[in-house]
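Here's the structure, in structure tokens; my notes come after.
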Amino acid sequence: MEESKEVVNRLLEIVKEISGFPECRNTSKKLYSNLSRRMKLLSPLFEELKDSEEVLGDDDLRALVCMKIAFEAARELLRSVNEESNLFQAMQWVELSKKFHEVTEQIEQALGELSYDKLDISEEVREQIELVHAQFKRAKEKMDPPDVQLYMDLLTAQKDKDPDRAVLRRLSERLQLITIHDLMKESLALHEMVIACQGDPGDCLEEMSALLKKLKDSVVEERPEMEIDDSKKSFVKHRSPVIPDDFRCPISLELMKDPVIVSTGQTYERSCIQKWLDAGHRTCPKTQQTLLHNALTPNYVLKSLISQWCENNGVELRKKQGACRNLKSGSSTSDCDRVAIDALLQKLLNGNLDEQRAAAGELRLLAKRNGDNRICIAEAGAIPLLVELLSSPDPRTQEHAVTALLNLSINETNKGSIVNAGAIPDIVEVLKNGSTEARENAAATLFSLSVIDENKVAIGAAGAIPALIDLLCRGSPRGKKDAATAIFNLSIYQGNKVRAVRAGIVVPLMRLLTDAASGMVDEALAILAILASHQEGKGAIGQAEPIPILVEVVRTGSPRNRENAAAVLWSLCVGDSQYLKTATDFGVEEALKELTENGTDRAKRKAGSLLELLQSTTDATVNS
């Protein structure tokens, strides 16, 4: 009895929570409103069950527990739709739609397991619940089609350097990014996705930032108060334009030159809020809310808007002091300054868990933006501190740290610094036991470091290859790609070929080779080609009976895959007449002849060598 009351009370709490959510105005509006409306319509059922004195049967209690789990997931989904980036949701609409569909299925299944006739509820409520159940059932059986116009506009705006004004206007309206306030909110949402707890958009981040800038420029151009004719600019210089409130620091009321975001979402001039924090304050000056951490996140979109406004109004924006400078030119090229980086490193060193997580997240972002930042961050001494955080008990902090190291490793000098800091064993540990995203980025980091030959040896010796094979087998599509790329690069070193073969890589590679839907055929063949050059690799591949598949790839595959398939066949058939006979039986000769005419240069060479081998074997048979 007590358990059922607890479950029902929680269901009512969730309905109350989602009733307090604001109206959704972005591309997910239909999905959001349909799900939240149907959930609210179940409230009368929970109210009557709460007031009932009858004991629920085991089956009904199980159904309500399942419903509670589904409601929790639905509440989190609805909350994220309201708080996350509109751009990210639009670009990931198919995945988001699947999440709504999954939650709908879960709720429908739970409703289907309830025995309405046995429940102590009124006839009116029973009829309403049956109606809502029917709605969930219909929703489960169909998925909303994607917005083709929105998809095409996003594609055009991303691809074109100077997109059509009408396309940007449609996107602004569809994404509800119409005002400066909307753009600022979107900028904050993008940063929160990376730095707080909402996940990282990964490779989409740069695309979204670039697209947001195009939308910002479009909005500024179409707002009369944000644009001034050239003929009026000389006049503007002789008067003092009114600074928009959104551009003023709430502390100094001055025009912001280096706007940063605090954990409450408010934006301040960096120097002002830093003084506030240095004075020992732990609240947001404007809202008086307690700050979750002291990390300061650059507000790049607002900074760009302020620069645009200054240009249009003839206002000179004084450059900030103390920026990292290019050592060769002496010019300021980085968007982070050494003082700010040092402050972040202090948080890595002495901060609490929240501060470390936020600081690592900001360094991750800064390191991704440009090469100057990567040099500046490394020279400040961040690499050893980030390596320490690879062992953090907090999964998100660990994820930020390994991704920051990945971004820093793009710089060739930093590769050596990362290895010298003893990072390889810790990165391998993250690869084995980290979160999904941390494992993927650990694999990508190992690939980046393995570009240097001596690192291939160290990475293989640290036990990375079995963990990479596990990611290749069980990872997400992106994780499998990262793992395959790292394995390929590591296997250039002979000792790692043996490690990969003994760790059982051939079986999963053959599985990927026969599964076109996996999108991993290219990677599987490339790795097989490099492993087949080693005697132990050749033996393991031969045991997997690959000849029919390889011949088919030579016949019908892409140019690169035909080349690699021919290379594997060559390695197998040299010195082994049985493989050669099997290949002949499956019609390899005609496929090779065609490849000598239409393949890549390497493919032509391999095909020619195989044909010569076939001919010499045939001649030997005839003469014997």
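Under UniProt numbering, think of the first position of the sequence shown as 1, with each following residue one higher. We treat Cβ as the ideally placed atom computed from N, Cα and C, and that holds for glycine. All of these numbers come straight from a predicted model, not from anything done at the bench.
- Counting C-beta pairs closer than 8 angstroms gives three or more between the region 522 to 533 and the region 554 to 564, which meets the contact rule.
- The three-state secondary structure of Thr267, taken from DSSP, is strand.
- Closest option to Phe71, judged by alpha-carbon separation, among Gln109, Lys159 and Thr617: Gln109.
- Minimum Cα-Cα distance from Leu550 among the listed residues Leu408, Leu569 and Lys159 corresponds to Leu569.
- Along the region 333 to 372, the alpha helix (DSSP H) occurs as fully enclosed runs of 4 or more residues at 338 to 350 and 353 to 369, listed in sequence order.
- Put simply, the backbone Cα of Val521 is about 10 angstroms away from that of Val553.
- Secondary structure note for Val521: its alpha helix (DSSP H) is the uninterrupted segment Val521 to Leu531.
- By the neighbour-count criterion, in which 16 or more other beta carbons inside 10 Å mark a residue as buried, Asn414 falls on the buried side.
- For Ile261, the enclosing beta strand (DSSP E) has its first and last residue at Pro259 to Ile261.
- In the DSSP annotation of this structure, the continuous segment of the alpha helix (DSSP H) that includes Asn489 starts and ends at Pro477 to Leu490.
- Excluding sequence positions up to five before and after Tyr493, its CB lies within less than 8 angstroms of the CB of Asp453, Lys456, Val457 and Gly460, all in the same chain and listed in chain order.
- Counting only runs of 4 or more residues that sit fully inside the region 68 to 143, the alpha helix (DSSP H) segments are 86 to 91, 93 to 112 and 123 to 140, in chain order.
- Each of Thr264, Ala166 and Arg270 was checked against the Cα of Thr283, and the nearest Cα belongs to Thr264.
- Around Gly479, the same chain offers Glu440 and Leu471 as residues with beta carbons nearer than 6 angstroms, after the five sequence neighbours per side are excluded.
- The alpha-carbon separation between Asp182 and Leu77 amounts to approximately 21 angstroms.
- Per DSSP, reduced to three states, the secondary structure at Leu154 is helical.
- For Ile383, the closest alpha carbon among the candidates Arg396, Thr403 and Asn370 is that of Thr403.
- In the structure shown, Pro298 adopts extended strand secondary structure according to DSSP, grouped into three states.
- Per DSSP, reduced to three states, the secondary structure at Thr584 is helical.
- Taking the Cβ atoms as the reference, Asn496 lies roughly 6 angstroms from Ile465, within the contact range of under 8 angstroms.
- Closest by C-alpha distance to Thr297, out of Ile530, Ile261 and Thr290, is Ile261.
- Note that the region 146 to 166 touches the region 207 to 221; at least 3 beta-carbon pairs, one per stretch, sit closer than 8 angstroms.
- In the three-state DSSP reduction, Arg248 falls in the strand class (E or B).
- As computed with DSSP, Leu255 is found in a beta bridge with Arg248.
- Within a 10 Å sphere around the beta-carbon of Ser172 sit 16 or more other beta-carbons, which makes this residue buried.
- When secondary structure is reduced to three states using DSSP, Thr290 falls in the strand class.
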